[in-house]
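Participant: Below you'll find the structure I mean.
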Amino acid sequence: MEIDNLIRSRTNFRGIELKATTVITDFDNFFGFDQTPNTATGFDVYTHMHYPMVQLLAYQLNFKFNISFTNDYGWSYGNGSFSGLTGVLQREESDLGAVGTIMRVDRMTAVDYTVGTISLENNILFRQPKLSSIKNIHIQPFRNEVWLIILFLFVGFVTIIILMNRFKANGKKSLTILDIIELVLGAICQQGTVNVLNMISIKVVVIVLFLTSLFIFNAYSAKIVSLFQSTSVTIKNINDFANEKSVTMSIQISPYAKPLKKNIAHQLINRKWLEAEKCGLSEIQIFQLPTLAIPVIKKSGHRDVFKQKLIQQQEVGIRKRFIERWTPPKLTCDSMKINKNYVSVSVKEIYPTLKLFSYGILLSFVVFTFELASDYFFDNN
């Protein structure tokens, strides 16, 4: 019975009044703790998350608290003293913090912590680079085995037409080997031919060639259109992000041009970005920050009982409810609200084609030079 009475007396503060201090970094947009998640500023969201925890703690332990405000969580001056909330508790001007602070080693010399309440994440929000910026998408529609089949078809049709052309009845060839290669290549590329086909058998082979090429071209063209609009999945971790040359950085949430915590970034993006701008965003965690915890004065006699009641809040799920109320929803892309227009093809997408064109022009001039030299040599001999 004595133990029960002792426990009951420790968990009943008999209505005493404690001093609590919280942190508000943006006083211009703070209008009290009855604000809703839609109206509160993102930078003080952790203050709003912890305040109902402290309110419930006061109810559990039967005490009242008089709250005061400061504008930062507390940084060391280098002489053992601290600013902000940590300094207030260090000077014992308040009994507890009404907001969680990061459990830093230097702060532990000035205050004690109860129990971790919220885990923080520092993430990078970015868009994956377009597939065309890191790969030649003109060879991506087909797998290697399909390209091998197309090569075999090319060689097969060329061989068949050469044999038919060589062993025709009158013994005269109507097409040269280069003409045949041009014919088959033109069919695969959906181009016609100006060559006259005198044999019905060759015409039948050419018809089959064009029909086969048509089906292959349909599959290729359907896939290449989607690839032009596709993004890559090359960035999977922070090392990929640091080594990716095609990544460009931009700030779209003016004037908040600084690193943001995950929930603050989500809140600002949900408020300020268009639906189409949210689509395609990826997220990578940079590093895991220390957990937030409610601080108390050094060697506080209330620390253990505070820890016990805060753990009870977690066990019954009410702390999760407080946190989720102020946590913005995950970024989602509503496909029904975005513009369905395709993005125009830029020079970057057709860069491999331009390279092929340049090489082809260069090769044609080289061959042309050899032809001129050959004609000059034979004309003079």
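The sequence shown: position 363 = 363 (UniProt numbering), numbered continuously.
The C-beta atom is built at its ideal place from N, Cα and C for all residues, glycine as well.
These figures come from a predicted structure and were not determined experimentally.
Terminal residues of the continuous beta strand (DSSP E) containing residue 394?
Facilitator: This structure leaves residue 394 out entirely; the chain is present only between 1 and 381.
Participant: Using 10 angstroms around the beta-carbon of ASP375, count the other beta-carbons present and answer buried if the total reaches 16, otherwise exposed.
Facilitator: Translated into positions along the sequence shown, residue 375 becomes position 375. Looking at its Cβ environment, which holds fewer than 16 other Cβ atoms inside 10 Å, ASP375 is exposed.
Participant: Determine the direct distance from the alpha carbon of PHE370 to that of VAL196, and round the result to whole angstroms.
Facilitator: Reading the sequence shown from its first residue, position 196 is the one you call residue 196. Reading the sequence shown from its first residue, position 370 is the one you call residue 370. Whole-angstrom Cα-Cα distance: 29 Å.
Participant: What beta strand (DSSP E) runs, 3 residues minimum, are completely inside the segment 122-153?
Facilitator: Qualifying beta strand (DSSP E) stretches: none in this window.
Participant: In angstroms, rounded to a whole number, what distance separates the CA positions of THR234 and VAL347?
Facilitator: In the sequence shown, the residue the question calls residue 234 occupies position 234. In the sequence shown, the residue the question calls residue 347 occupies position 347. Taking the straight line from one Cα to the other gives about 21 Å.
Participant: Check for me: the beta strand (DSSP E) holding ASP179 runs from which residue to which?
Facilitator: Residue numbering aside, residue 179 sits at position 179 when the sequence shown is read from its first letter. It is not in any beta strand (DSSP E) - ASP179 instead sits in the alpha helix (DSSP H) that spans 177-188.
Participant: Starting from the C-beta of GLN313, find all residues in its chain whose C-beta is less than 7 Å away, skip the five residues before and the five after it, and write them out in chain order.
Facilitator: Indexing the sequence shown from 1 puts residue 313 at position 313. Closer than 7 Å at the Cβ level, and outside the excluded window around GLN313, lie MET53, LEU56 and ARG319.
Participant: Which class does GLN288 belong to by DSSP, given the choice of helix, strand or coil?
Facilitator: In the sequence shown, the residue the question calls residue 288 occupies position 288. Three-state result, GLN288: strand.
Participant: From this set, GLN229, PHE63 and HIS50, which residue's C-alpha is nearest ARG14's C-alpha?
Facilitator: Residue mapping note: residue 14 aligns to position 14 of the sequence shown, counting from 1. ARG14 has its Cα closest to that of PHE63, out of GLN229, PHE63 and HIS50.
Participant: Under a Cβ-count criterion, where at least 16 other Cβ atoms within 10 Å of its own Cβ denotes burial, should LYS130 be classed as buried or exposed?
Facilitator: In the sequence shown, the residue the question calls residue 130 occupies position 130. Buried, by the Cβ-count rule.
Participant: Using CA atoms only, rank isn't needed, just tell me which of CYS189, THR176 and ALA265 is closest to ILE124.
Facilitator: The residue you call residue 124 lines up with position 124 of the sequence shown. Checking every option, the nearest Cα to that of ILE124 belongs to ALA265.
Participant: Identify the residues that DSSP records as bridge partners of GLY97: which are they?
Facilitator: Counted from its first residue, the sequence shown places residue 97 at position 97. Paired residue(s): THR21.
Participant: According to DSSP, simplified to helix, strand and coil, what is SER174?
Facilitator: Numbered from its first residue, the sequence shown carries residue 174 at position 174. Correct three-state label for SER174: coil.
Participant: Can you tell which of PHE157, VAL115, PHE142 and THR353 has the C-alpha that lies nearest to the C-alpha of VAL305?
Facilitator: As a position in the sequence shown, residue 305 is number 305, starting the count at 1. For the residues PHE157, VAL115, PHE142 and THR353, the minimum Cα distance to VAL305 belongs to VAL115.
Participant: Ordered along the chain, which non-local residues of its own chain (more than five positions away) have a Cβ less than 7 Å from that of TYR46?
Facilitator: Walking along the sequence shown from the start, residue 46 turns up at place 46. Contacts found: VAL99, GLY100, ILE118 and LEU292.
Participant: What separation, rounded to the nearest whole angstrom, lies between the Cα atoms of GLU277 and PHE30?
Facilitator: Reading the sequence shown from its first residue, position 277 is the one you call residue 277. Reading the sequence shown from its first residue, position 30 is the one you call residue 30. When rounded, the distance between both Cα atoms is 29 Å.
Participant: Taking C-alpha atoms, which residue in PHE287, GLY74, ILE102 and GLU283 lies nearest to LEU89?
Facilitator: The residue you call residue 89 lines up with position 89 of the sequence shown. The shortest C-alpha separation from LEU89 is found at GLY74.
Participant: Starting from VAL111 and walking both ways along the beta strand (DSSP E), at which residues does that stretch end?
Facilitator: Here the question's residue 111 lines up with position 111 in the sequence shown. Residues 111-118.
Participant: Roughly how many whole angstroms lie between the Cα atoms of ILE323 and MET49?
Facilitator: For the purposes of this step, residue 323 is taken as the residue at position 323 of the sequence shown. For the purposes of this step, residue 49 is taken as the residue at position 49 of the sequence shown. Their backbone Cα atoms lie some 6 Å apart in a straight line.
Participant: Just list the residues that DSSP pairs GLU283 with in beta bridges.
Facilitator: As a working note, residue 283 is residue 283 in the sequence shown. DSSP lists LEU125 as partners of GLU283.
Participant: Which residue's Cα is closest to the Cα of ASP106: GLN128, LYS272, SER83 and PHE126?
Facilitator: In the sequence shown, counting from the first residue as 1, residue 106 sits at position 106. Considering only alpha carbons, the answer is SER83.
Participant: How big is the Cα-Cα spacing for LYS203 and ILE216?
Facilitator: To locate residue 203, count along the sequence shown from 1; it is residue 203. To locate residue 216, count along the sequence shown from 1; it is residue 216. Going from the Cα of LYS203 to the Cα of ILE216 covers about 20 Å.
Participant: Just to confirm my understanding: we take PHE377, look at its own chain, exclude 5 residues before and 5 after, and list those with CB closer than 8 Å. What are they?
Facilitator: Taking the sequence shown and counting its residues from 1, one reaches residue 377 at position 377. Once the five neighbours on either side are set aside, PHE377 has no close Cβ partner at all.
Participant: Considering only residues of the same chain and omitting the five flanking positions on each side of PHE368, which have a CB-CB separation below 8 Å?
Facilitator: By one-based count along the sequence shown, residue 368 stands at place 368. So no residue of the chain qualifies.
Participant: Hey, could you find the ends of the alpha helix (DSSP H) LYS348 is sitting in?
Facilitator: Indexing the sequence shown from 1 puts residue 348 at position 348. That residue, LYS348, is in no alpha helix (DSSP H); it is neither H nor E in DSSP.
Participant: Between the C-alpha atoms of PHE287 and ASN122, what's the straight-line distance to the nearest angstrom?
Facilitator: Here the question's residue 287 lines up with position 287 in the sequence shown. Here the question's residue 122 lines up with position 122 in the sequence shown. C-alpha separation (whole angstroms): 6 Å.
Participant: Helix, strand or coil: which one does DSSP assign to SER226?
Facilitator: If you number the sequence shown from 1, residue 226 lands on position 226. Three-state DSSP puts SER226 in a helix.
Participant: Cβ atoms of ILE134 and SER282: under 7 Å apart, would you say?
Facilitator: In the sequence shown, the residue the question calls residue 282 occupies position 282. In the sequence shown, the residue the question calls residue 134 occupies position 134. Cβ atoms of SER282 and ILE134: not closer than 7 Å.
Participant: Please report the straight-line C-alpha distance between THR22 and THR70, rounded to a whole angstrom.
Facilitator: Taking the first residue of the sequence shown as position 1, residue 22 is located at position 22. Taking the first residue of the sequence shown as position 1, residue 70 is located at position 70. One C-alpha to the other measures close to 6 Å.
Participant: For ASN29, name the three-state secondary structure that DSSP assigns.
Facilitator: Indexing the sequence shown from 1 puts residue 29 at position 29. Residue state, collapsed to three classes: helix.
Participant: Quick one: what's got a C-beta closer than 8 Å to MET199's C-beta in the same chain, skipping five residues either side?
Facilitator: Reading the sequence shown from its first residue, position 199 is the one you call residue 199. Result list for MET199: MET164, ASN165, LYS168 and SER174, in chain order.
Participant: Give a yes or no on whether the minimum CB-CB distance between VAL196 and chain D is below 7 Å.
Facilitator: No chain D is present in this structure, which holds just one protein chain.
Participant: If you draw a straight line from the C-alpha of ASN209 to the C-alpha of PHE157, how long is it?
Facilitator: Walking along the sequence shown from the start, residue 209 turns up at place 209. Walking along the sequence shown from the start, residue 157 turns up at place 157. This sequence places Leu at residue 209; Asn is not what is there. The straight-line gap from Cα to Cα measures roughly 7 Å.
Participant: Taking the alpha carbon of residue 382 as the point to measure from, which residue in GLY78, GLY360, TYR351 and ASN380 has its own alpha carbon closest?
Facilitator: Since the first residue of the chain shown is 1 and the last is 381, residue 382 is not available in this structure.
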